[in-house]
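Here the structure comes first, spelled out in structure tokens, and everything after it is commentary.
Okay, structure coming up:
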């Protein structure tokens, strides 16, 4: 088995490609560093000079507004120069290969590549081919991983619940296609959350999902009972008709989060969502905007977490 | 030209012969006559066996000359002791016209290296809709008909194709895989694919297709060879089919005897293969099935791919690996792990394959074609891709320490390779 390609010979974080295989200490280091940056984002001058003179290339092979923007803000708050490349619309359509694109940008003196790609594992391929001083941060690859989202979810949970060792967390919805779910599950199991549940119909669960360390529920009411944290996943429009699911209505009826179902969870449960939300499909507006929802704080923490990741890999 | 191979450990899996002695060759055939030879090869400490027969090796011509050429791949075959090979029809254009097959045969013959047995396309352009002119393709030199890895989703077409082939007694080679269940999949559906977020191909994509095909064999009487089995379930279906006496045979790729899905590691595109590497349990069942001769042969499923085809994210990478030069060492490794005598091990790449192919080589009996591989079964072989003769340098075995080096290869009594 190869060495974990994210860590350098000293065991330090060289790239952030996946939460899987990262030691607990490194997750703790990222979350602690993020905590120190939350203060920065609340100051009037929201900048620290940690990455001054460094260049961050946002390489988005798949369209994204939200994640790209938060990476951009995070890099700017670290005083880095940010270059946004919407590759979905440029070189890929001209037939340039992924590695050629990266080699060209590398010749322009990049320090960090923030990569989003529709194909699982693409950031690993890039990380294998970049120069030693260059760093790759995975901003979502296929169904595989979205480690900064997973980390911001972990940050949010730690912020509200303090300690992972007694938590019951339920992740609800399209786990099959979700890189967010995979990263969060790996983070939670690494940090010692005793019970992680996934709740979905069989068509939205990957085979052997139990091996990730989760307990499977098909009945949402049973799965929500006594949960401390409820994480809703986005259901893509294209999954809602065809062989995965018969209709959005039927899905909402069985797996949509309503106030009535949420009442089965613990009284102080928090509700999270990686966004963008489909109101009325996976989550009812009254819950999304209700007192248990921490969906907007997640976004704020996301900037601090991305600052932490970039400052650690390139610092 | 008369040739004598002296002091070799002569192994002829077809007859069970295994002993030190001399092997004589005259007029391109194995000979019992011991007349004065023109050349003597001292093979002390080496094994002399029938040249290996590879049931699947892509030569990439016509159409993919930038990935490999007939010259480079037939050279690789000889370096691997492979003296006969069947090439699948998935060239560009596919081998669906007699003219193309004729040209390929002529080109191969002119190079006078390994013997090339083309498989004709079962359907026009391998599209799975219209039958090819099988009788004319057979006249041009096709030994069997195949879809290669192209799907044949329409069971009506499959049924008719088997009926038509059976009419003329043409064998059909099929890789069982349900086109719908395998759609978009790139890895074995299981824990690893789940962890890596790779779209999976469930094992029942193979067994459902195989069960359907076996039913059509019963209905049509067609002679069918099943290619590249990858699942334990398929081995069990084949076991029952043999017991029933159906006219079927099957093979497994050498990769699948040694590797499983866990070897994908961190998205190693060298492990992007068709069919996908499956679970350790499947791998072990295939290795056992080959030992029990439920599976007749091992093949290299040689597929030369250029760097551009492999330096891609896993799912986008072109499936396949180079294999001609690894067929012997990987077959030996399998035999050693199963504790088989060398003659039994070698049967899987000699006489058993000759039987599937319907050729008279693959044995060392007097009068058989003098296709011989002389090799050192113990010589260490570290797999260094750059040192392979094949233009395809991509293999999941890069860096592995294997054993088995070919010293001489003879085709029709001519020494065509020595190292």
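Residue numbers (our numbering), protein chains in the order written: chain A, 1 to 315; chain B, 316 to 734. Every residue gets a Cβ at the ideal spot worked out from N, C-alpha and C, and that includes glycine. Since the model is a prediction, treat every value here as computed from it, not as a measurement.
At the level of alpha carbons, what is the spacing between residue 416 of chain B and residue 689 of chain B? One-based indexing of the second chain puts residue 416 of chain B at position 101. One-based indexing of the second chain puts residue 689 of chain B at position 374. Taking the straight line joining both Cα atoms gives about 31 Å.
For residue 195 of chain A, the residue or residues it bridges with in DSSP: Here residue 195 of chain A corresponds to residue number 195 of the first chain, with the count starting at 1. Answer is A:168.
Can you tell me where the beta strand (DSSP E) holding residue 571 of chain B begins and where it ends? By 1-based counting over the second chain, the position of residue 571 of chain B is 256. Unbroken run through residue 571 of chain B is the alpha helix (DSSP H), 569-573; no beta strand (DSSP E).
What residues in the region 614-634 of chain B bring their beta carbon closer than 8 Å to a beta carbon of chain A? Within the region 614-634 of chain B, the qualifying residues are 623, 626, 627, 628, 629, 630, 631.
Apply the 10 Å Cβ neighbour rule to residue 482 of chain B and answer buried if 16 or more other Cβ atoms are within range, or exposed otherwise. Taking the second chain and counting its residues from 1, the one referred to as residue 482 of chain B is at position 167. Exposed, because fewer than 16 other Cβ atoms sit within 10 Å of the Cβ of residue 482 of chain B.
Proximal chain B residues relative to residue 24 of chain A, where beta-carbon distance stays under 9 Å: Within the first chain, residue 24 of chain A is the residue found at index 24, counting from 1. Those do not exist, as residue 24 of chain A stays about 19 Å from chain B at its closest Cβ, beyond 9 Å.
The alpha helix (DSSP H) with residue 310 of chain A in it runs from where to where? Along the first chain, one-based indexing puts residue 310 of chain A at 310. It spans 295-314 - the alpha helix (DSSP H) in which residue 310 of chain A sits, taken as one unbroken run.
Could you give the distance in angstroms between the alpha-carbon of residue 706 of chain B and the alpha-carbon of residue 250 of chain A? Taking the first residue of the second chain as position 1, residue 706 of chain B is located at position 391. Taking the first residue of the first chain as position 1, residue 250 of chain A is located at position 250. Between residue 706 of chain B and residue 250 of chain A, the C-alpha separation is close to 55 Å.
Should residue 466 of chain B and residue 540 of chain B be called a contact, given that it needs their Cβ atoms to be closer than 9 Å? On the second chain, residue 466 of chain B is found 151 positions in, with the first residue counted as 1. On the second chain, residue 540 of chain B is found 225 positions in, with the first residue counted as 1. No, they are not a contact pair.
Please report whether the beta-carbon of residue 584 of chain B lies at a distance below 9 Å from any beta-carbon of chain A. The count along the second chain starts at 1 and reaches residue 584 of chain B at position 269. Yes - at least one Cβ of chain A is within 9 Å of the one on residue 584 of chain B.
Please classify residue 183 of chain A as buried or exposed, where buried requires at least 16 other C-beta atoms within 10 Å of its C-beta. Counting from one through the first chain, the residue named residue 183 of chain A turns up at place 183. In summary, residue 183 of chain A is buried, with 16 or more beta-carbon neighbours lying within 10 Å of its beta-carbon over all protein chains present.
Going by CA-CA distance only, name the one from A:177, A:43, A:139 that's closest to residue 239 of chain A. The count along the first chain starts at 1 and reaches residue 239 of chain A at position 239. It is A:177.
In the structure shown, what three-state DSSP assignment does residue 398 of chain B receive? The residue you call residue 398 of chain B lines up with position 83 of the second chain. It is a strand residue.
CB residue 728 of chain B to CB residue 318 of chain B, shorter than 9 Å? For the purposes of this step, residue 728 of chain B is identified with residue 413 of the second chain, where counting begins at 1. For the purposes of this step, residue 318 of chain B is identified with residue 3 of the second chain, where counting begins at 1. Closer than 9 Å, so yes.
Taking C-beta pairs closer than 7 Å, name the residues in chain B that residue 274 of chain A reaches, listed in chain order. Numbered from 1 along the first chain, position 274 holds the residue referred to as residue 274 of chain A. Correct list: empty, because the minimum Cβ distance to chain B is about 15 Å.
If the cut is a Cβ gap below 7 Å, which residues of chain B does residue 143 of chain A touch? Mapped onto the first chain, residue 143 of chain A falls at position 143. Neighbours of residue 143 of chain A in chain B, taken as residues at a C-beta separation under 7 Å, are given in chain order as 512.
Following the continuous alpha helix (DSSP H) through residue 585 of chain B, name the residue where it begins and the one where it ends. For the purposes of this step, residue 585 of chain B is identified with residue 270 of the second chain, where counting begins at 1. Per DSSP, residue 585 of chain B belongs to no alpha helix (DSSP H) and is neither H nor E.
I want to verify the contact list: residues of chain B whose CB lies under 9 Å from the CB of residue 117 of chain A, in sequence order. As a position in the first chain, residue 117 of chain A is number 117, starting the count at 1. Within chain B, the residues near residue 117 of chain A are 628.
Segments assigned alpha helix (DSSP H), at least 4 residues, entirely inside the region 501-525 of chain B: Assignment of alpha helix (DSSP H) within the region 501-525 of chain B, counting only whole runs of 4 or more residues, yields 506-511 in chain order.
Considering only the alpha carbon of each residue, which of A:130, A:141, A:223 lies closest to residue 172 of chain A? Residue numbering aside, residue 172 of chain A sits at position 172 when the first chain is read from its first letter. Ranking A:130, A:141, A:223 by Cα distance to residue 172 of chain A puts A:223 first.
Enumerate, from N- to C-terminal direction, the unbroken beta strand (DSSP E) stretches of 3 or more residues contained entirely within the region 9-68 of chain A. 55-60
Using a beta-carbon distance below 9 Å, is residue 806 of chain B in contact with chain A? For residue 806 of chain B there is no data in the structure shown, the boundaries of chain B being 316 and 734.
Residue 480 of chain B - containing alpha helix (DSSP H), residue span: As a first step, residue 480 of chain B must be located in the second chain, where it is residue number 165. Its alpha helix (DSSP H) spans residues 470-483.
Using 8 Å as the Cβ pair cut-off and three pairs as the minimum, do the region 704-719 of chain B and the region 398-407 of chain B touch? no
Comparing the C-beta of residue 381 of chain B with each C-beta of chain A, is any distance below 9 Å? Here residue 381 of chain B refers to the residue found at position 66 of the second chain. Not an interface residue.
Compute the beta-carbon to beta-carbon distance between residue 271 of chain A and residue 305 of chain A, rounded to the nearest angstrom, for a pair I have assumed lies under 8 Å. Position 271 of the first chain holds residue 271 of chain A. Position 305 of the first chain holds residue 305 of chain A. At roughly 19 Å, the Cβ-Cβ gap does not stay under 8 Å, so residue 271 of chain A and residue 305 of chain A are not in contact.
Residue 595 of chain B, enclosing alpha helix (DSSP H) - first and last residue: Residue numbering aside, residue 595 of chain B sits at position 280 when the second chain is read from its first letter. Counting along the chain, the alpha helix (DSSP H) containing residue 595 of chain B begins and ends at 595-606.
So, helix, strand or coil for residue 1 of chain A, using DSSP? As a working note, residue 1 of chain A is residue 1 in the first chain. For residue 1 of chain A, the predicted structure reports a pLDDT of 47, less than 50, and the residue's modelled location is therefore unreliable. The matter cannot be settled from this model.
Neighbouring residues, chain B, relative to residue 121 of chain A (Cβ below 7 Å): Here the question's residue 121 of chain A lines up with position 121 in the first chain. Within chain B, the residues near residue 121 of chain A are 511, 582, 628, 629.
Under 9 Å between C-beta atoms, does residue 201 of chain A make it to chain B? The residue given as residue 201 of chain A occupies position 201 in the first chain. Cβ-Cβ to chain B under 9 Å: no for residue 201 of chain A.
Near-chain A residues of the region 512-540 of chain B (beta-carbon distance less than 7 Å), N- to C-terminal order: Per Cβ criterion, the list reads 512, 513, 515.
Min CB distance residue 547 of chain B to chain A below 9 Å: Taking the second chain and counting its residues from 1, the one referred to as residue 547 of chain B is at position 232. False, the Cβ-Cβ gap to chain A never drops below 9 Å.
Straight-line CA distance for residue 31 of chain A to residue 615 of chain B? Residue mapping note: residue 31 of chain A aligns to position 31 of the first chain, counting from 1. Residue mapping note: residue 615 of chain B aligns to position 300 of the second chain, counting from 1. One C-alpha to the other measures close to 49 Å.
Residue 211 of chain A at chain B interface by Cβ criterion, 9 Å: Counting from one through the first chain, the residue named residue 211 of chain A turns up at place 211. Yes, contact with chain B.
If you measure from the beta carbon of residue 173 of chain A to each beta carbon in chain B, is any gap under 9 Å? Here residue 173 of chain A refers to the residue found at position 173 when the first chain is read from its first residue. With 9 Å as the cut-off, residue 173 of chain A does not count as an interface residue toward chain B.
Span of the beta strand (DSSP E), counted from its first residue to its last, around residue 292 of chain A: Counting from 1 along the first chain, the entry for residue 292 of chain A is found at position 292. Element bounds for residue 292 of chain A: n/a, residue is neither H nor E.
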